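Report on the following structure.
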Amino acid sequence: MKITTFAIKVWRWMSLALVLGALAWTYSLFPDQVAVDFTESGLAERYVSKEHIFYIVMGIFLINNVGLAGLARPLPKVNPIHLPIFKKKVWAQYPEQLGEHLVNWLYCLVAVINTITGFSLFALATINSSQYKLDVFDFSWVFYLGVALLIGVFLLPFGLLWTPVPDDKLE
17 MKITTFAIKV
27 WRWMSLALVL
37 GALAWTYSLF
47 PDQVAVDFTE
57 SGLAERYVSK
67 EHIFYIVMGI
77 FLINNVGLAG
87 LARPLPKVNP
97 IHLPIFKKKV
107 WAQYPEQLGE
117 HLVNWLYCLV
127 AVINTITGFS
137 LFALATINSS
147 QYKLDVFDFS
157 WVFYLGVALL
167 IGVFLLPFGL
177 LWTPVPDDKL
187 E
């Protein structure tokens, strides 16, 4: 197993724990009505019940961790000629490396979505808390982090532009 494969798997499992822990912790802290939309001055404008937030996050969690992660198992078995990738004929000669690259990409996407969801829940809980004097603008870093992670994930398939390294040169 390559170090990148190991790191992505660890990140995926840690992000899974992050989103589940964040959901359980924030659900216990949320008031009955949670502020989710704010005016330019930072005042709460729109509220959603904490049960709705729970169900929305659980829906995202299930689609992400069951749906997207479920695609990772059959993906390496698909003939590379049928995949929308660059240099199909070259990659068809290295199905194991292609499969590992595609599975890593999917797991990385799952980890990014989990990470963004977890941090968003923590930010939402802090904004709605009466203990902290932070407003919605103190958490703009969550947006920038999410955009950077998504850009990074969607740049990963460009690694398929380079030809794979034969196994005998890896050893």
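Residues 17 to 187 in this note's numbering are what the sequence shown lists, from first letter to last. The beta-carbon is built from N, C-alpha and C at its ideal position, and this holds for glycine as well. Here the structure is a predicted model, which is why all the values come from computation and not from measurement.
Alpha carbon of residue i to alpha carbon of residue j, nearest angstrom
{"i": "Leu172", "j": "Val163", "result": "15 angstroms"}
{"i": "Trp41", "j": "Leu166", "result": "25 angstroms"}
{"i": "Gln188", "j": "Tyr110", "result": "Outside the shown range of the chain, which is 17 to 187, sits residue 188, and nothing can be said about it."}
{"i": "Val82", "j": "Lys105", "result": "31 angstroms"}
{"i": "Glu56", "j": "Asn80", "result": "32 angstroms"}
{"i": "Val169", "j": "Val128", "result": "8 angstroms"}
{"i": "Leu176", "j": "Lys66", "result": "43 angstroms"}
{"i": "Ile132", "j": "Trp29", "result": "14 angstroms"}
{"i": "His98", "j": "Trp107", "result": "12 angstroms"}
{"i": "Val73", "j": "Ile24", "result": "22 angstroms"}
{"i": "His68", "j": "Lys103", "result": "45 angstroms"}
Buried or exposed (CB count within 10 angstroms, at least 16 for buried), residue i
{"i": "Thr179", "result": "exposed"}
{"i": "Ser136", "result": "buried"}
{"i": "Leu78", "result": "exposed"}
{"i": "Ser31", "result": "buried"}
{"i": "Leu59", "result": "exposed"}
For residue i: DSSP bridge partner residues
{"i": "Gln147", "result": "Per DSSP, none; premise fails for Gln147."}
{"i": "Ala51", "result": "Tyr63"}
Nearest candidate by alpha-carbon position, reference residue i, set the options
{"i": "Leu140", "options": "Ile101, Asp154, Phe102, Val94", "result": "Asp154"}
{"i": "Ala88", "options": "His117, Ile69, Gly75, Glu61", "result": "His117"}
DSSP three-state assignment for residue i, whether helix, strand or coil
{"i": "Leu45", "result": "helix"}
{"i": "Pro173", "result": "helix"}
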